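Residue numbering for the sequence shown follows this note's numbering, starting at 3 and increasing by one per position.
Ideal Cβ positions, reconstructed from N, Cα and C, are used throughout, including at glycine.
Since this is a predicted model, take the numbers as computed values, not measurements.
Let me begin by presenting the structure, written as structure tokens, before commenting on it.
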Amino acid sequence: MQHVADRLHHMAEEVEHLSEALEQLRMAPAQNDQPQSTAHRLEWFQGPARTGATLRALTMLADDELRSTHPGPPESADALAAERERALRAIERGLLMRCVYARSHLETPTGQRHLRELADAGVRVRVQASVPVRIILVGDRLALFADKGVGDPESLTMVRHPQSVALAARVFEERWAEATDLETLLSGTGGDRAGGSAGSGLSSREQVILRRLADGGQDEAIAREIGVSIRTYRRDIVTLLDKLSAKNRVQAAVEAVRRGWL
Numbered sequence: 003m004q005h006v007a008d009r010l011h012h013m014a015e016e017v018e019h020l021s022e023a024l025e026q027l028r029m030a031p032a033q034n035d036q037p038q039s040t041a042h043r044l045e046w047f048q049g050p051a052r053t054g055a056t057l058r059a060l061t062m063l064a065d066d067e068l069r070s071t072h073p074g075p076p077e078s079a080d081a082l083a084a085e086r087e088r089a090l091r092a093i094e095r096g097l098l099m100r101c102v103y104a105r106s107h108l109e110t111p112t113g114q115r116h117l118r119e120l121a122d123a124g125v126r127v128r129v130q131a132s133v134p135v136r137i138i139l140v141g142d143r144l145a146l147f148a149d150k151g152v153g154d155p156e157s158l159t160m161v162r163h164p165q166s167v168a169l170a171a172r173v174f175e176e177r178w179a180e181a182t183d184l185e186t187l188l189s190g191t192g193g194d195r196a197g198g199s200a201g202s203g204l205s206s207r208e209q210v211i212l213r214r215l216a217d218g219g220q221d222e223a224i225a226r227e228i229g230v231s232i233r234t235y236r237r238d239i240v241t242l243l244d245k246l247s248a249k250n251r252v253q254a255a256v257e258a259v260r261r262g263w264l
């Protein structure tokens, strides 16, 4: 009985933390209309319970994209599981997720499995030799800085000042441009795990999409063929364009032929 009571108490605290985090995040648009001293202030969230609730709240409130950088090395299995759970919730809501991880995550079986599972779920994962700081961007309106690489950090600093958020976004985009796609890294050392062309960095699903696009296929028909929603299919298109450094589908097909992927 004591175990049940402790569990209920923990759940009540969790609900309270999450409610507080949601309320603070919901205030962001309104506060941006307030005087500068209010709208541009910094906010701190202390303790794993509160920061974890804040991160979970972000997945509920974001309406387009979540971007993040992750220093290494990877943390505990529980911390990684919490990270995956938040990512899955975001993907289920149709959000685009882009993450840059330090290469140290690939140097342990647990870390590598974590990145594989994120990529399988639809997260766009890239890897860089080192990542100095954890940044979390909620669209273009919020930026958070954390003191740990993965999981529920000890503290979060939230900024809403447009110039500060833009600066954090620029740091992320520079890291993103310099990082290497996870599939490319994995295929370069052990072939494409999903059955795509060896060395191409494309999964089997991406290979099908690319071939159908080259044949002039329609989006809805291609999505039905590969068994995904039109929203997921369009995320795959964005990923393909990114991998091929193409601005549109025609350029993607031309570049794929040039590389010998078609």
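Item to check | Anticipated Cβ contact below 8 Å, Q253 with S157, distance rounded | outcome: Taking the first residue of the sequence shown as 1, we reach residue 253 at position 251. Taking the first residue of the sequence shown as 1, we reach residue 157 at position 155. Contact doesn't hold; Cβ gap of about 44 Å is too wide.
Next on the checklist: Measuring straight from C-alpha to C-alpha, what distance separates R88 and T61?
Outcome noted: Numbered from its first residue, the sequence shown carries residue 88 at position 86. Numbered from its first residue, the sequence shown carries residue 61 at position 59. Approximately 7 Å between the Cα atoms of the pair.
Item to check | Exposure label - T159; buried when at least 16 CB within 10 Å | outcome: Indexing the sequence shown from 1 puts residue 159 at position 157. Label assigned to T159: exposed.
Item to check | Element boundaries [alpha helix (DSSP H), containing V259] | outcome: Here the question's residue 259 lines up with position 257 in the sequence shown. Looking at the DSSP string, the run of the alpha helix (DSSP H) that includes V259 is 251–261.
Item to check | Runs of beta strand (DSSP E) wholly within the stretch 95–163 (minimum 3 residues, chain order) | outcome: 98–104, 126–130, 136–140, 144–148, 157–161
Next on the checklist: Looking at the strands, I want to know which residues DSSP matches up with L90.
Outcome noted: Locating residue 90 in the sequence shown gives position 88, counting from the first residue. According to DSSP, which records beta bridges pairwise, L90 is partnered with nothing at all.
Checklist entry - Cα separation between T56 and M99? => result Against the sequence shown, residue 56 aligns to sequence position 54. Against the sequence shown, residue 99 aligns to sequence position 97. When rounded, the distance between both Cα atoms is 17 Å.
Checklist entry - Using a Cβ-Cβ cut-off of 8 Å (strictly less than) and excluding sequence neighbours within five positions of K249, which residues of its own chain qualify? => result Within the sequence shown, numbered from 1, the residue matching residue 249 stands at position 247. L243, listed in sequence order.
Next on the checklist: Do A121 and L184 have their beta-carbon atoms positioned less than 8 Å apart in this structure?
Outcome noted: For the purposes of this step, residue 184 is taken as residue 182 along the sequence shown, with counting starting at 1. For the purposes of this step, residue 121 is taken as residue 119 along the sequence shown, with counting starting at 1. Against a cut-off of 8 Å, the Cβ pair of A121 and L184 comes out as a contact.
Next on the checklist: In whole angstroms, give me the CA-to-CA distance for L215 and R233.
Outcome noted: The sequence position of residue 215 within the sequence shown is 213, counting from 1. The sequence position of residue 233 within the sequence shown is 231, counting from 1. Distance between the alpha carbons of L215 and R233 is about 16 Å.
Checklist entry - At which residues does the beta strand (DSSP E) containing Q48 begin and terminate? => result As a first step, residue 48 must be located in the sequence shown, where it is residue number 46. Start and end: 44–48.
Item to check | Same chain, Cβ closer than 6 Å to V210, five either side skipped, listed in chain order | outcome: As a first step, residue 210 must be located in the sequence shown, where it is residue number 208. If we look at V210 and ignore the five residues flanking it on each side, its Cβ neighbours are I228.
Checklist entry - Opposite E67 in the DSSP bridges: which residues? => result Here residue 67 refers to the residue found at position 65 when the sequence shown is read from its first residue. Partner(s): L98.
Checklist entry - What distance in whole Å lies between the Cβ atoms of R143 and V161, which are believed to be in contact at a cut-off of 8 Å? => result On the sequence shown, position 159 is the one that residue 161 refers to. On the sequence shown, position 141 is the one that residue 143 refers to. V161 to R143, Cβ: 10 Å. No contact.
Checklist entry - For G262, which residues of its own chain have a beta-carbon under 6 Å away from its beta-carbon, when the five flanking residues on both sides are left out? => result Within the sequence shown, the letter at position 260 stands for residue 262. Cβ neighbours of G262 beyond the five flanking positions: none.
Checklist entry - Apart from the five residues on each side of it in sequence, which residues of its chain come closer than 6 Å, Cβ to Cβ, to R105? => result Translated into positions along the sequence shown, residue 105 becomes position 103. Within the same chain, R105 has close Cβ partners V129, A131.
Checklist entry - Would you say E77 faces chain B, with C-beta separation under 8 Å as the test? => result Annotation note: the requested chain B is absent from the structure, which comprises a single protein chain.
Item to check | Beta-bridge partners of T182, as assigned by DSSP | outcome: Counting from 1 along the sequence shown, the entry for residue 182 is found at position 180. Its beta-bridge partners are V129.
Next on the checklist: Using the three-state DSSP reduction, which class does R9 fall into: helix, strand or coil?
Outcome noted: Counted from its first residue, the sequence shown places residue 9 at position 7. Residue confidence for R9 is low, a pLDDT of 48 falling below 50, so the modelled location carries little weight; the figure read from the coordinates is stated next. Note: R9 maps to helix in three-state DSSP.
Checklist entry - With 16 as the cutoff for other CB atoms within 10 Å, does S189 come out buried or exposed? => result Within the sequence shown, residue 189 is the residue found at index 187, counting from 1. Counting Cβ neighbours within 10 Å, S189 comes out buried, since at least 16 surround it.
Next on the checklist: Taking the straight line between their C-alpha atoms, what separation do you get for E109 and R115?
Outcome noted: The residue you call residue 109 lines up with position 107 of the sequence shown. The residue you call residue 115 lines up with position 113 of the sequence shown. Spanning the two alpha carbons is a distance of roughly 10 Å.
Item to check | Of the listed residues L187, V259, V240, nearest to D217 (C-alpha basis) | outcome: Along the sequence shown, read from residue 1 onward, the residue named residue 217 stands at position 215. Checked all of L187, V259, V240; the closest Cα to D217 is V259.
Checklist entry - Going by Cα to Cα distance, which pick from S70, R126, P164, W46 is closest to T182? => result Translated into positions along the sequence shown, residue 182 becomes position 180. Ranking S70, R126, P164, W46 by Cα distance to T182 puts R126 first.
Next on the checklist: On the criterion of 16 or more Cβ atoms from any shown chain inside 10 Å, does R69 qualify as buried, or is it exposed?
Outcome noted: Position 67 of the sequence shown holds residue 69. The residue in question, R69, is buried, as its Cβ has 16 or more Cβ neighbours within 10 Å.
Item to check | Whether T71 touches V135 by CB criterion (8 Å) | outcome: Numbered from its first residue, the sequence shown carries residue 71 at position 69. Numbered from its first residue, the sequence shown carries residue 135 at position 133. Yes, the Cβ-Cβ distance between T71 and V135 is below 8 Å.
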